Every structure is written in C-alpha cells, then in structure tokens.
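Chains as they are written, first to last, in my numbering: chain A, 1 to 836; chain B, 1001 to 1402.
Scroll down for the structure; my scribbles are underneath it.
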Amino acid sequence: MIARGKNASDLFPAVVKNVACKNIEVKKLVYVYLVRYAEEQQDLALLSISTFQRGLKDPNQLIRASALRVLSSIRVPIIVPIMMLAIKEAASDMSPYVRKTAAHAIPKLYSLDSDQKDQLIEVIEKLLADKTTLVAGSVVMAFEEVCPERIDLIHKNYRKLCNLLIDVEEWGQVVIINMLTRYARTQFLSPNQNAEAASLAKRKPYVMDPDHRLLLRNTKPLLQSRNAAVVMAVAQLYFHLAPKAEVGVIAKALVRLLRSHSEVQYVVLQNVATMSIKRRGMFEPYLKSFYIRSTDPTQIKILKLEVLTNLANETNISTILREFQTYIRSMDKDFVAATIQAIGRCATNIGKVRDTCLNGLVQLLSNRDELVVAESVVVIKKLLQMQPAQHSEIIKHMAKLTDNIQVPMARASILWLIGEYCEHVPKIAPDVLRKMAKSFTNEEDIVKLQVINLAAKLYLTNSKQSKLLTQYVLNLAKYDQNYDIRDRARFIRQLIVPTEKSGALNKYAKKLFLAQKPAPILESSFKDRDHFQLGSLSHLLNAKAVGYQELPDWPDEAPDPSVRNVEVPEWTKCTSREKRKEKVEKPFYSDSEGESGPTESADSGEGLGSTVGCQAEVPRVDEGHERGMLAWSTAGHRAVPTGLWPARALLTACVSPCPPVTPPPPQPVPTSNIVSTSLVTDLEGLTLTDTSLAPALLSPALGALRSYELLHRMTGEGLSVEYCFSRRPFPHDAHMVAVQMQICNNTDAEVKSLRISAPKPLSGTRIHEFPEIESLAPGDTASVVMGIDFCDSTQAANFQLCTHTRHFYVSIQPPVGELMAPVFMSENEFKKEQGE
Amino acid sequence: MPKLVPTSESLSQLLNKDEKEKAVDVENVPPVIPTPHHYLISIYRDKIFFVSVIQTEVPPLFVIEFLHRVADTFQDYFGECSETAIKDNVVIVYELLEEMLDNGFPLATESNILKELIKPPTILRSVVNSITGSSNVGDTLPTGQLSNIPWRRAGVKYTNNEAYFDVIEEIDAIIDKSGKVIYELIFVSCILLPGCELALTLCPLFQNPRLLDDVSFHPCIRFKRWESERVLSFIPPDGNFRLISYRVSSQNLVAIPVYVKHMISFKENSSSGRFDVTIGPKQNMGKTVEGVVMTVHMPKAVLNMNLTSTQGTYTFDPVTKVLTWDVGKITPQKLPSLKGIVNLQSGAPKPEENPSLNIQFKIQQLAISGLKVNRLDMYGEKYKPFKGVKYITKAGKFQVRT
C-alpha cells in the first residue's frame, strides 16, 4: 500500500503489533512501515521501541545491527536519548558490522536532533579511529554530515585512511576521497604555484609532503575501478591536488567512462569540459574519443562539442573543422546551432582559421533552415566585429537577409552590424532603415531597440537621407508598449536632435554612438566553473547546492605536518630473544606498580588510548581459543601512559602498515601515588601471561582491580556484594571468565547458605557457581570466585543470588577488555594467524 | 543523499510545468534537474526512469552509479527490468531497496549478498511459498557482508570445477563518407563464467600484455601483482562477472573487418530518393562475419521506403523513421545489398543530411586485436580444473557516415 502511494497510517496500531512477529518477511515489512509512518504517530510508535531494545542485546551481530538501524530510522524525538545510548553502545561493539551501522545511525540522529552534536562528534571521533575497512566509509560519511568543519579529527587518522582506502567498499571510497581532497587542500602546499615563485623569491624549493604523496599514490589504482563514481572522485582529487605533470593519468580513465551509460557520459563530459579549459594538453591525445555520433542524445552532443572546441589549437584545428562540417549537416537543429557557435569560438581563438571559418559561415547563410541562418548571423556579427573593414561584402549580403530572416536575435544582429558599419555600406543602410520603419510595430522588442540604434547612428552619419526616417521611428517608439523602448527613444531624441536646452551632450553624441567597440570574446560557459569541486553536484549545476563544502584554497604556509603523526602502539618483533628479555624486565614492570608514568604528554596518551581501543580486531573467542590469538583492548580505560605501555609486546594485533619500531626503553620515573588503575591491571595481566602456566593461585591484588557493585547494601538488605574481574584463567573451564566476589554481611544476623542459582541464563551464557557458603557471620566478608562464559558478548549475565531467606536478582555486565586474555606470539605466528 | 520516491504523484509535485514540457524527448532529459527544494537525479533504462531525490550536495555520479546498480539488481532478480516486472514484485522491490540503502547511503549492492538475504522469485518457489507459507526472505543472515570479499559467498560449491573465459572485443569506429576510418577503438572485456570453487587463484597470462591500455578491474583482482608482474590473480566471485575490461592501445589498430558501399541520394523537388547499400567482408582470417544488422535513422521527411534486399529482411518503421536490415551471415561470394526508392513527403524540402548507418556484426573465435590468453594457471586446488577460452569480436558503436 505504501508502494502505491496510499496513506496507510490508519492501520498503524494493527501493523505495529506485528513487530514482534517471528516471520522475518513480515518483520521486515513492518520495519518499512514503521520507518515510513512513525513520525506521524509518535505515541503508538513508542510501543515498538522495546522490541528493538531487546534486539540490541541479541547475541547475533546482524540482529543487533538491524535493530539499531530501524531504531535510528524512527523519527520520534522522544526516543533521542535511547538512540544516543544505543549508538554509543554499538560504537564499541565488537562486531565491525554493528559499528558500521552505528556510523550510519549518526547522521540520522543528527538530523532528528542537532543538539546532540557534541556527543555525536565524540562517537565519530571514536569510530574514525577504527581500523576496519567496513567502518571507514560509513564513519567518514557521518563525519561529512555532522561535522565537516572539524578537520582536526582527521589528522590522526589521515594515514590510516589513505592506506585502507583501496580495501574500503566502493561507496565509502567516494566519500573518503572527497573528504581527503578537502583535507589535503587545507593541509598541504600547492604543488604547482611554486615553480616560478620559488625561483623569484629564492625560497627553499618545494618538497611535497610525504603524506600528500601517499594520498596521490594510494588513490591512483582506484582510477581503474569499475565504479564510475570512484573514478570521478579520484580524477577530481588529482585535478585539484596533483602537480601539473601528473594530472595526465586521469584523462585515460575519464575517456574510458565515456563508453558507459549516457547519464554517466553526461556528468563526465561536464567535468572534462571544465578540465579541458585549464589543462588542454591532457585530453589532446584523446581528441577522437569526443567525436560525435549521430545516435548520441543532443545534450551529449553539445557537451562533446564543447570539449572539442576547448581542445582546438593550431595543429588540430583543421581536423576539428572538418568534423564540424559534418555536424552542420546533422538533422538535429539544436546541435547544428551549437556547432555554429563552436565554429565561431574556434575562429576567435585561432586567428589562422578565421577567414576560413567566416567563409564557411557565410555559405551557411544560404542554408534553407532558418535557425541555422540566424545562428550564423549572430556568430558572423561577432566575428566581423574583430575586423570589419575587409568584409563590407558580407555586410551587404546580410542586409539583404533582413527580408527573409524572422528570428529576432538574428534580425537584431544584422541591424546592429549595419548601424555600426554604416559608413562601409552607405547606400544600403538608409534603405534597410526604411524597410524596418515600415514593419517597426510588428517587431520584437530586441529588434525595435536595434532599429532605434540604427536610426540614431544613421542620423549622425548621414542625416540628410535619414532625418525624416529617424523622426518617424522615434515617434513610433515613443508610444510603444514597452517602457524600455519608450525610454530609449526619449533618451536618443534628446541626445541627437539638437535643441536649445541640451547643448553639452549633443556635441558628444557622435562619439557616444560611434565609438570603437571592443570585440566580444567568445568563451566557454565552463570557464568559471572550476571554483566548484569537480564531480560535485554544485559543479554540475553551476550553482551552490545545499550542503556544498567550499573547496578551500591552498594555504600559503604548510600547517604542521606532525599533527598526523599517530602514536601507533608500536609492536616489536616478539622474537624469542626478546621474550626472554621481557621476562628479565618483568620485575621492573612489577615494580612500577607503585609508580605512574608522568612522562607522557596528555595528548599522546589519549591518542594512543583511542587507537588501541579500536584496533583490537577481536576475533570471536570460540575460534580465538583455537587460534590462540587474542588482542588486548583497552576499551573502557582511559589515559594509558605511553611510555609504560606494558602490552606493547603483546600488541601484535595491531594491523598497522608501518614498519615495526622498537620502542625506546621506558624510563621509570618515581613519582607520587597517582596510580593509574588500568595500568596496574594491565600489568597484572602481563604478569599473568608469564605465569599462567603455574597452577598456583596467587593472592588477588584486589586493590588494583576495579571492582563493581553487584548488590548494594540497601537493596540487599544488609548484604552487599562487589565483584571484579580477577584476570586469571578460571581453573574449571578455559572459556570462562573468572569473577572474584567480595560478599560482605552488614546485617546483625548470620546469613546462611549463600549460593547462586542461574535460572534462565541468556542463550549461550554459562555460569559456574561458587561453592555454597554455609554461613557468613555479621560483619564478616567472604571472597569467592565464580566463572562465567559470556560467549564473547558484552551482554550481562543474569542470575540469582540466594540466601536462606531471600533471592536477589543480579547481573554482571563485562567490559570488553575483560573478555580477553593476553597471549604471546611472535610476529610470524601472528601473521600466519592473520592470514587465515 | 538519495531517497527513493515510490510514487509518481509526489514526483510530479516536485517538477514544475516547465520541466515537464521541456522533457519531451526521453533521451534528452538531463540527468540532474534542480527544483526549488530538491535535486532530481534520474537515469533512463529499459523505458523506465529511475529517479532519486536528493536534498544536499552529493557527487552526481555516486547517485547515478547507484541507480544503475539498482536497475541491474532488478534485472538480475526479475529477468527483465520492465514496468510490469516491478509492479508484480513490489514487495521484493521494497525489500531490496531496504537492504540496498540506509538513510541514503548504499549498504549492500553486491548481488550475491542480496540473493542470500532475499531469494529471487521463481515459479517453483512461489508455488512452494503459497503452500507452505514460507517467504522469500532468507532465514540465514548474510555472512558475505561481514567478509572482506563481499563478492563471494562463503562455502560455494560447484559440482564441476571449470573456468570459462569469454573474451569479447568490441570495435568502436566512425567511418566517414569516403570510407576512411576516422576513429577506431577496440574495447575488450573479459567475462568469467561461474564454476570455480573457492580459493582459486587464476592467472591468465596474456601473450602480449603491452597491448592493454587503460584497464579497469573487478575489485577482486589483486592490484599489486598486476602492477609488478602483469599477471591477474584473483579469487573469482560467483556468478557471471566482468573480470577486466580494457582498451587496446591506439598504436595497434587493425583493419576493420567489414566495409560498406553506400549510395543514398535525395532528388530535389521530386519527393523521392535512391537508397543503395552493400556490405562486404574484408580479410578476416577466414572467419565468417555473422549477425550483421544495419539500422538507419532516416530523416523526418521520409514517408516510406520501397527496397529489395538480396539477403535478409528489412523493416521500416514510418513512425520512428528507423530502417532495420537484418542481414545475417555474409559470404564473400554473394555480397548482400539493399536497393530501392525512398518516398519523401511531398512538398517537404529535401533533407540535407544523409543518415548515418549503424552496423552490428559478430565474428566468433577471433580476437581482432590479436590478444590471446596464453596460460591459465590455477593455484590452491589439487586436481586439474577444466579451462576454456572463447573469443568473440563484435561491433560496438560502429557508425558509417554517408
């Protein structure tokens, strides 16, 4: 029904009920319906929200994604906070697909409520640092929609984006390339302006920023993409950014696109037309590709003609003119008219062929088609203006045409010509005026104006013959319906007819009317289009479209290139020797528990934190265990000191393309007691890896681990439970995460038979209970360890905590980082694993 | 970003009258039409306009390319991309668009991902569905979307492991009045037919890779190896796909395999004219030229044509003024010709231009550029798969001016 355009909103409640339906097809259609009508029936739409919220927690990533997608598509302002929460959560989801969907949801939320901008930018920043190709395109899209002015967010990710570019899906490529073009325009120096400037000012020679070079190098292969939009995006990038010598490569690819669908041809030709004005040489070898076929649609023909004209120079003009001769005989009259104009432009640009062109055009004057003749007249008029003296014959010929031609523009042109050069044709001019005066009332406005002009000019040069005629014309004009013409007539009468009052101007009348007029310059309509970014909608329309981002000019001074230096967590080669070294250094790390790393500068630490957070391309643990490859994630932790990053050696998961850099040995700087807990816990993890083989349970360093509240004293009626992730393998089951619990009895009575019952765990989640605590004396605390298999999701594990009297419903939700175990592996091993 | 407009009503509201009147000729509707609040980007395919409405700046090619993908997908699903096909399958169209686009950003455009999500309709399936009440929406969620090679489904199996290449060369040419070739370009596309199991790497080594100029690749091809070794290495997608397409560089142009002798003239003031065309083969290495079809757009003044052909049949459509002559195979012994009289509208001036002739032909088992697939290596499989290469030379945009 929606498809037929009917309003189906009356059925809303009935449809929404189906949202929980099991049938996927019905569900999908309900989604479509919801997205369409939710805005109109906001209250009812809210009914469906809970279903999506449930979907967001589903262990299947695809269901999470589609729930988020539909949730964010429902345009109901009340649920903005829910959406915000969902997006934030999804942005740190383990599945890149869900993160991609989160990126898609950002612009939707932004268009619904632009007040959320700041929070959204935070999410964007986080997602920009993502390492997966799946996310890159979508997040840049979100960036462009929400905060295109925050170019500073790109700095850190620039190199990564460049390197990922080739693997991103094609739609993402287009968006990223366009964004990088703007970025590069602000961040690098122009590669072209310097040649003469440098030699003049003796400045230091221009050296292209390596990052600039990186961008050009990485986009070049994309010219061979099968997607026309990608090719165009790269072409405009090269056109705007590359040094002159290198721009040529794009010509070939663009010419290839001309074989594509006619719409693609249209857009490409528009852009080629602009480019060919600035860089003519680029397309010259492909001149013949722009030859016109009779089967092309007119708009394509005209664009091709435009390109051909732009490409014309002294060497190829003869071939081009020969082509034009064929075109003139075409059946398509609009195209013929355009061809005539093109000939005119060639003639003005290339002096050598002007006479040939002119002769050709004069021959066209005897064409049977009126449009052709009219167009030729207009063009001839323009050409004659350049060298009128030799061509009085042509003017005479044209004067004769006034009897036949009806097209107003052409008539006006002829009259103007005769008036302007009336001294060359003294006999004919008054005669023409006489004829025109006869038919004055029936003429078009534009012709009338020229008749008045002609009359005035003749009056000045040859007043004897034309005085009466002029008077007559002016009288007619005085009572014309058009005020322009009345004004003109009045003005001219005052000017040329001497009266007592108007003395001063009178003398100059002749100078005014018969002044030398500069010849018009025929130029392309694409001349001034290049200030729009090529390939953009604005460029195509030659008008600013909504949301168009101005392409910034090159900066005079290069901005600091170091902003792009990303502190990629360097990964060392974990050769066996270094492993040993690591072990030797271990005591040092343990010592550093009491210290913090104040050496790091705040920003580098943050940069690191975010990069690492999203680098953890977490494999699903069920495979992960077989692979024995796990990455360390710091999601949830903040400000990890760079210098003391302990997991450096472990961070083989970093898919960084940069060569391995051995980190400088961290300097232990003794300082105050500000201990970064996360650092310490990370160190704990490190210690564990080395000792994990030892079966002995070490005493837990509880103070260092972050503990979470499971049961508050108030809700637990005096019983409080805190838990933390002890970060050691759970002895009974390798898949389980060990959770350390501190149970404290704050009541006055003894609590008996404390135990766990897990009535309905979520799909897949398993819980290994701790041994039942017989009794807990008042004021006593007990510490137990239980194991939970979270199935690699961040879904909370729900269970019941039972005492002899009561049952408490509690849940544990793990941070992502707690679900992983560190593993040592050499670089080669890692590569092997990664290759699988 | 594009939003798809489902109804024609809302579309016509956007267009003011001027635009509608201007767009008389379907071929000349500009792809981008600005309206006061929106921009309309349209493509015209198979007699249907696909229009997207956008509000903000976006690269127009982005939209156009996407619309073409949508049309391709419909074609893929329904076998044809016609108005009736879309009307009959409106639910699937909806589901498809829903999957392909999210808030104006393309999501899944690869046909095999979509096919996993939404199964294409077949008669058998619709019967089964109506009995069992199951749907076209796949129960499995697509895994392809998550992988790095979206063009290939996971775990595809073929009973026989084969690789067939079609090397199709198309000749674009413009031949002028006197029979001189003024523009020629050979465009080649390599199409791989399905039949390869996963994890194959094929390296068709071309005998003379230097012939290739301006190559465009399917994204599955590894660029690095092409750049360094001039070797194509890839994991093939499932389904027909265009592996590479390229032009043959302009220095190596070859003789055009057919020639056309033509005599078309219109007599002044007699409302008739003569039409005489003969097509003949040039030397083409012993291969026959097949499937020759000539189409001519005659001038508007032409009323009717009385022709006789020595071979094949001709039709003339007096409304569109298109003359089609289906010649078929050309044998050098008996050259096909088409002769006769053209009737013009009485009183109309004689047309100035002679129409140009568009010619199509096909030559089997010949690659006119001389390009050859030399070797086809497959790695990653223990047994030897079957391989085959087929060459076809075709006329692309082949036009003879008269």
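Note that beta-carbon positions come from the ideal geometry of N, C-alpha and C, so glycine has one too.
Please read these numbers as outputs of a predicted model, since none were measured by experiment.
Annotation for residue 722(A): 707, 708, 709, 710, 741, 742, 744 place their beta carbon closer than 8 angstroms to its own, counting only its chain and skipping 5 residues before and after. Against chain A, the CB of residue 1306(B) has no partner CB under 8 angstroms away; the residue lies outside that interface. About 6 angstroms separates the Cβ atoms of residue 458(A) and residue 422(A), confirming a contact at the 8 angstroms cut-off. For residue 776(A), the secondary structure class from DSSP, reduced to helix, strand or coil, is strand. Neighbourhood of residue 1397(B) in chain A, by CB distance below 9 angstroms: 259, 293, 295, in chain order. Neighbours of residue 1401(B) in chain A, taken as residues whose beta carbon is under 7 angstroms from its own, are 326 in chain order. Contact residues of the segment 1043-1066 of chain B toward chain A are 1043, 1055, 1056, 1057, 1058, 1059, 1060, 1061, 1062, 1064, 1065 (C-beta to C-beta distance below 7 angstroms). The contact set of residue 1068(B) on chain A, defined by CB atoms closer than 7 angstroms, consists of 261 in chain order. If only complete runs of 4 or more residues are kept, the segment 266-307 of chain A shows the alpha helix (DSSP H) at 280-283, in order along the chain. A distance below 8 angstroms separates the beta carbons of residue 1362(B) and residue 1394(B). Between residue 768(A) and residue 788(A), the alpha-carbon positions lie close to 6 angstroms from each other. The C-beta of residue 416(A) comes no closer than 8 angstroms to any C-beta of chain B. In this structure, 786(A) is the residue among 753(A), 748(A), 786(A), 780(A) with its C-alpha nearest to the C-alpha of residue 733(A).
Put simply, the CB of residue 138(A) is near chain B, with a gap under 8 angstroms to one of its CB atoms.
Under the three-state reduction of DSSP output, residue 1180(B) falls in the coil class, being neither helix nor strand.
In this structure, residue 1327(B) sits near residue 1294(B), with a CB-CB distance shorter than 8 angstroms. Proximity of residue 1039(B) to chain A, defined by a Cβ-Cβ separation below 8 angstroms, is satisfied. Look at residue 355(A) here: in three-state DSSP terms it is helix.
DSSP places residue 800(A) inside the beta strand (DSSP E), whose first and last residues are 797-802.
Taking CB atoms only, residue 1218(B) has a neighbour in chain A less than 8 angstroms away. For residue 484(A), the enclosing alpha helix (DSSP H) begins and ends at 483-496. Residue 172(A): member of the alpha helix (DSSP H) spanning 170-187, first to last residue.
Of 291(A), 317(A), 374(A), the smallest CA-CA separation from residue 350(A) is found for 317(A). Neighbourhood of residue 1247(B) in chain A, by CB distance below 8 angstroms: 256, in chain order. Taking the beta carbon of residue 1356(B) as reference, the chain A residues within 7 angstroms of it are 294, listed in sequence order.
For the segment 1093-1110 of chain B, residues whose beta-carbon sits nearer than 7 angstroms to a beta-carbon of chain A comprise 1094, 1095, 1098, 1102, 1103, 1105, 1106.
For residue 807(A), the enclosing beta strand (DSSP E) covers residues 807-812.
Counted as a single uninterrupted DSSP element, the alpha helix (DSSP H) harbouring residue 124(A) occupies residues 117-128.
The beta carbons of residue 474(A) and residue 493(A) sit about 5 angstroms from each other, so the pair counts as a contact at 8 angstroms. Here residue 543(A) is exposed. Its C-beta has fewer than 16 other C-beta atoms within 10 Å. For residue 1044(B), the enclosing beta strand (DSSP E) starts and ends at 1039-1045. Residue pairing from DSSP places residue 1326(B) in a beta bridge opposite 1293(B), 1313(B).
Under the 10 Å beta carbon count, residue 1263(B) is surrounded by fewer than 16 other beta carbons and is classified as exposed. For residue 1262(B), the uninterrupted beta strand (DSSP E) segment begins and ends at 1258-1266. Check the Cα spacing between residue 801(A) and each of 479(A), 348(A), 754(A): the tightest is with 754(A). Per the DSSP secondary-structure output, residue 1391(B) pairs in a beta bridge with 1167(B).
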